[in-house]
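There are 2 protein chains.
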Amino acid sequence: MTGPHDSLRIDLGERSYDILIGRGLLGRAEAFDGLPRSRHGIVVTNDTVAPLYGEHLARALAARHERVEQVVLPDGEAHKDWPTLNRIFDHLLAEACDRKTVLYALGGGVVGDMTGFAAACYMRGVPFVQLPTTLLAQVDSSVGGKTAINHPAGKNMIGAFYQPLRVLADLDTLATLPPRELSAGLAEVIKYGPIADEAFLGWIEANLDALMQREPEALARAIRRSCEIKAWVVGQDEREAGLRAILNFGHTFGHAIEAVLGYGQWLHGEAVGCGMVLAIELSARLGLVGDAEVRRLTRLVERAGLPTRLPPVAPEPLIEAMRVDKKTEDGQLRFVVVEAPGRAGLRAVDEGLVREVLAAHAA
Amino acid sequence: MTGPHDSLRIDLGERSYDILIGRGLLGRAEAFDGLPRSRHGIVVTNDTVAPLYGEHLARALAARHERVEQVVLPDGEAHKDWPTLNRIFDHLLAEACDRKTVLYALGGGVVGDMTGFAAACYMRGVPFVQLPTTLLAQVDSSVGGKTAINHPAGKNMIGAFYQPLRVLADLDTLATLPPRELSAGLAEVIKYGPIADEAFLGWIEANLDALMQREPEALARAIRRSCEIKAWVVGQDEREAGLRAILNFGHTFGHAIEAVLGYGQWLHGEAVGCGMVLAIELSARLGLVGDAEVRRLTRLVERAGLPTRLPPVAPEPLIEAMRVDKKTEDGQLRFVVVEAPGRAGLRAVDEGLVREVLAAHAA
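Protein sequences appear in the order of chains A and B.
With UniProt numbering, the residue at position 47 of the first sequence is 47, and numbering never jumps.
With UniProt numbering, the residue at position 297 of the second sequence is 297, and numbering never jumps.
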């Protein structure tokens, strides 16, 4: 392959795959070398990303498939639902796509989650390739095989664990990312510090300006380290029985915020940013970390352009939303907390304490 | 466990499970020993089966779960669709069911396929137990882990490979089975003869009257041998890359008949019965078997109360429906054919020959 790029192997036995990180990958036919060729190559994307990179990608794929087609979904978390997913199935069936058809997910986390779930379910499984175009998707959806759609009663409630054949994280796509989305992606990068690598937290603090200015070297390093940590965690716990839950640091609060506000009001990463501030506060109130850790993370979240206080919503619906969180067991709320700088764990938490944290961070 | 029953181990590594075959299993609490206990046990069933066995089962489960609840779906293949599947998700979310919730599929193949797919997708996977109440489900859905729903454009197009924790094939439930459904189940039993075991074909011929009269010993043996053969095939090819396709003998024609007639007109087993007659005819026209084999299988299908001629539909829509079959590759029709008595294989077949077979069996 021409052009410099970094490569990271995700080791999952026969489901192993590579993440390539570099500039201009989407337009390079060689970046797809070794992937299966078949009659149909179906690019699933959204109406924001399609005009930016759709043709570019179609040219790179032209020699791989007799027919390269696009399914363009409406952009946004609000459309991560069954009717939109079904548009992918409608297209695949209308074109008589067989089980060798390769799906390409070109877009952010929503496109990746939906395309992955469509690939998991179509004819009980067809191959797919992730082409994440947001920082959040590059650090978060690249590893772990989580795919899903939302249900009116809960986020990501219907889904599958399903691995891509390859991930291409093209750094050039981050140049067109709106500032809010860049910040949202940084939330997931920052997350890896408190839960797994205090040195990385220090590196992010030192390089946050470069990241905010989208310097490719800094972004490449942030993406690589995030994916490495996530791969290490997921490699030990592919189906989320235990350790993997730490990746949900900030997410129980975050998902509740998204559910109560209505999907699409705050970006997922914004909700996670705020959620991490609440989760470190919860950790401090459990006596696990000191106020210095709370201030340090809060400051970093703020510098990354993310909210550190709750939106104007009542605590009751937030608690209710947390009750349907996938980590809840036998009705008991459970949270990922920081047990010491760079180390996290899952704890059952008294509801009263959760209410205190919500009150302390009310809008 | 009290009471005699037979047991068959399906060996799939960490996803291994047992099939218990016997009388009165649904009402025996011991038949569930060793399965996970959790807060919620959700019985998914249909409005035909619920009044017959719902309470019976609920009593057997009472000590295993704090809450045992029923989701009652409308009966029939016509409801094997997304809106009906979503009723399961609605219930699970309304009751705040967590990922330790156990789903119990109480009913025929439709209930099993939908419950299994719901279990595969809810929170990306919760455990489930198969309690098949039709002969077809006992021989066909017990092994293989295939779950799915239909799409308006094709049968079983949206689904997953997902294994149950256990299967209980309660022979007593076959006593209430309508005669058409018994015949439909026998179609899948008969199938195992031509594709894998000529001696079993002879045994079925000799015992068909006992099977039609629902003698438990004959049924138990037919179910066990069918499951054994299927397990042997699936064990070598869990994800349907090759050998497993032979289990679809008669199904390419059968699915096309169902799709063109509209789901629910003919039972799946009836369509497969007719489909097998067409598939053995195709095998003969390919020079693989003689006319004696065609006559032998046709006669047995007929004795089992199954159709041996096509319903009154034109060939064109049947061909079109076959084109979206999951075995189709790069636009070429492929069929499971009998290559010699007791041995089957997958062949690409010329469309002209398929048309000849359709014409020879037109209504």
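The beta carbon of each residue, even a glycine, is placed where N, CA and C say it ideally should be.
To the nearest angstrom, how far is it from the Cα of residue i to the Cα of residue j?
{"i": "Ala-196 (chain B)", "j": "Arg-225 (chain A)", "result": "52 Å"}
{"i": "Ala-279 (chain B)", "j": "Leu-106 (chain B)", "result": "32 Å"}
{"i": "Arg-343 (chain A)", "j": "Leu-247 (chain A)", "result": "11 Å"}
{"i": "Val-354 (chain B)", "j": "Leu-282 (chain B)", "result": "7 Å"}
{"i": "Val-126 (chain A)", "j": "His-65 (chain A)", "result": "15 Å"}
{"i": "Glu-69 (chain A)", "j": "His-40 (chain A)", "result": "8 Å"}
{"i": "Asp-325 (chain B)", "j": "Cys-97 (chain A)", "result": "10 Å"}
{"i": "Arg-15 (chain A)", "j": "Thr-176 (chain B)", "result": "45 Å"}
{"i": "Leu-358 (chain B)", "j": "Met-123 (chain A)", "result": "26 Å"}
{"i": "Phe-200 (chain A)", "j": "Cys-227 (chain A)", "result": "12 Å"}
{"i": "Asp-209 (chain B)", "j": "Gly-254 (chain B)", "result": "25 Å"}
{"i": "Leu-131 (chain B)", "j": "Ala-31 (chain B)", "result": "11 Å"}
{"i": "Leu-61 (chain B)", "j": "Glu-258 (chain A)", "result": "37 Å"}
{"i": "Ile-21 (chain B)", "j": "Trp-266 (chain B)", "result": "28 Å"}
{"i": "Ile-229 (chain B)", "j": "Pro-317 (chain A)", "result": "53 Å"}
{"i": "Leu-8 (chain B)", "j": "Asn-156 (chain B)", "result": "27 Å"}
{"i": "Arg-166 (chain B)", "j": "Arg-285 (chain A)", "result": "44 Å"}
{"i": "Ile-223 (chain A)", "j": "Val-111 (chain A)", "result": "19 Å"}
{"i": "residue 390 (chain A)", "j": "Thr-308 (chain A)", "result": "Because chain A is modelled from 1 through 363, residue 390 (chain A) falls outside the range shown and cannot be assessed."}
{"i": "Ile-19 (chain B)", "j": "Ser-141 (chain B)", "result": "11 Å"}
{"i": "Gly-145 (chain A)", "j": "Gly-264 (chain B)", "result": "36 Å"}
{"i": "Glu-198 (chain B)", "j": "Glu-215 (chain B)", "result": "22 Å"}
{"i": "Glu-329 (chain A)", "j": "Gln-138 (chain A)", "result": "30 Å"}
{"i": "Gly-275 (chain B)", "j": "Arg-334 (chain B)", "result": "14 Å"}
{"i": "Asp-113 (chain A)", "j": "Glu-181 (chain A)", "result": "17 Å"}
{"i": "residue 367 (chain A)", "j": "Glu-339 (chain A)", "result": "This structure does not reach residue 367 (chain A), given that chain A is present from 1 up to 363, and the question cannot be answered."}
{"i": "Arg-28 (chain B)", "j": "Leu-35 (chain B)", "result": "14 Å"}
Which residues does DSSP list as the beta-bridge partners of residue i?
{"i": "Leu-103 (chain B)", "result": "B:Ile-42 and B:Phe-128"}
{"i": "Gly-159 (chain B)", "result": "B:Ala-148"}
{"i": "Ala-340 (chain A)", "result": "A:Arg-343"}
{"i": "Ile-10 (chain B)", "result": "B:Tyr-17"}
{"i": "Gly-22 (chain A)", "result": "A:His-5 and A:Asp-170"}
{"i": "Ala-348 (chain A)", "result": "A:Arg-334"}
{"i": "Gly-154 (chain A)", "result": "A:His-151"}
{"i": "Tyr-122 (chain B)", "result": "A:Ile-158"}
Just the chain B side, please: which residues come within less than 8 Å of residue i by C-beta, in chain order?
{"i": "Tyr-122 (chain A)", "result": "Met-157 and Ile-158"}
{"i": "Ala-148 (chain A)", "result": "Arg-124"}
Along chain A, which residues have their Cβ under 8 Å away from the Cβ of residue i?
{"i": "Thr-328 (chain B)", "result": "Ala-96 and Asp-98"}
{"i": "Arg-323 (chain B)", "result": "Ala-96"}
{"i": "Phe-161 (chain B)", "result": "Arg-124 and Gly-125"}
{"i": "Gly-154 (chain B)", "result": "Leu-93"}
{"i": "Trp-82 (chain B)", "result": "Trp-82 and Asn-86"}
Name, please, each residue of chain A whose Cβ falls closer than 7 Å to the Cβ of residue i.
{"i": "His-151 (chain B)", "result": "Phe-89 and Leu-93"}
On a CA-only basis, which of the options is nearest residue i? Give me that one, please.
{"i": "His-300 (chain A)", "options": "A:Arg-37, A:Glu-77 and A:Gly-202", "result": "In the sequence as presented, His is not what sits at residue 300 (chain A); that position holds Leu. Of the candidates A:Arg-37, A:Glu-77 and A:Gly-202, the one whose C-alpha sits nearest the C-alpha of Leu-300 (chain A) is A:Gly-202."}
{"i": "Ile-319 (chain B)", "options": "B:Arg-295, B:His-268 and B:Thr-252", "result": "B:Thr-252"}
{"i": "Gly-287 (chain B)", "options": "B:Val-349, B:Leu-93 and B:Pro-179", "result": "B:Val-349"}
{"i": "Pro-311 (chain A)", "options": "A:Asp-209, A:Gly-352, A:Val-260 and A:Asp-325", "result": "A:Val-260"}
{"i": "Val-277 (chain A)", "options": "A:Lys-191, A:Arg-23 and A:Phe-89", "result": "A:Lys-191"}
{"i": "Leu-174 (chain A)", "options": "A:Gly-185, A:Gly-34, A:Asp-237 and A:Val-167", "result": "A:Gly-185"}
{"i": "Phe-161 (chain A)", "options": "A:Phe-335, A:Glu-316, A:Leu-12 and A:Pro-315", "result": "A:Leu-12"}
{"i": "His-91 (chain B)", "options": "A:Lys-146, A:Ser-142 and A:His-151", "result": "A:His-151"}
{"i": "Gln-213 (chain A)", "options": "A:Thr-147, A:Gly-305 and A:Ser-141", "result": "A:Gly-305"}
{"i": "Thr-45 (chain A)", "options": "A:Glu-316, A:Val-72 and A:Pro-83", "result": "A:Val-72"}
{"i": "Leu-136 (chain B)", "options": "B:Glu-270, B:Gly-159 and B:Val-233", "result": "B:Glu-270"}
{"i": "Val-43 (chain B)", "options": "B:Asp-33, B:Phe-32 and B:Leu-57", "result": "B:Leu-57"}
{"i": "Glu-351 (chain B)", "options": "B:Pro-341, B:Lys-327 and B:Arg-323", "result": "B:Arg-323"}
{"i": "Glu-293 (chain A)", "options": "A:Leu-61, A:Gly-193 and A:Ala-231", "result": "A:Gly-193"}
{"i": "Asp-47 (chain B)", "options": "B:His-361, B:Thr-84 and B:Leu-26", "result": "B:Thr-84"}
{"i": "Ala-94 (chain B)", "options": "A:Gln-138, A:Ala-321 and A:Ala-245", "result": "A:Ala-321"}
{"i": "Gly-273 (chain A)", "options": "A:Gly-250, A:Arg-285, A:Gly-262 and A:Ser-141", "result": "A:Gly-250"}
{"i": "Leu-171 (chain B)", "options": "B:Glu-217, B:Gly-290 and B:Ala-362", "result": "B:Glu-217"}
{"i": "Val-143 (chain B)", "options": "B:His-79, B:Thr-134, B:Lys-80 and B:Val-234", "result": "B:Val-234"}
{"i": "Gly-76 (chain A)", "options": "A:Gln-236, A:Val-49, A:Ala-340 and A:Asn-86", "result": "A:Val-49"}
Going along chain A in order, which residues have a C-beta closer than 9 Å to the C-beta of residue i?
{"i": "Gly-331 (chain B)", "result": "Arg-39, Ala-96 and Asp-98"}
Would you please verify whether the beta carbon of residue i is less than 8 Å from any beta carbon of chain C?
{"i": "Thr-133 (chain A)", "result": "Included in the structure are the protein chains A and B, with no chain C among them."}
Exercise. Whole alpha helix (DSSP H) runs in the region 194-244 of chain B with 4 or more residues, listed along the chain?
Worked result: Here the runs fully enclosed are 198-212 and 216-236.
Exercise. What alpha helix (DSSP H) runs, 4 residues minimum, are completely inside the region 49-101 of chain B?
Worked result: Fully enclosed alpha helix (DSSP H) runs of 4 or longer: 50-61 and 82-94.
Exercise. Can you give, in chain order, each stretch of the alpha helix (DSSP H) that sits fully within the region 263-343 of chain B and has at least 4 residues?
Worked result: Those alpha helix (DSSP H) runs which fall completely within the region 263-343 of chain B and span 4+ residues are 268-285, 291-303 and 315-323.
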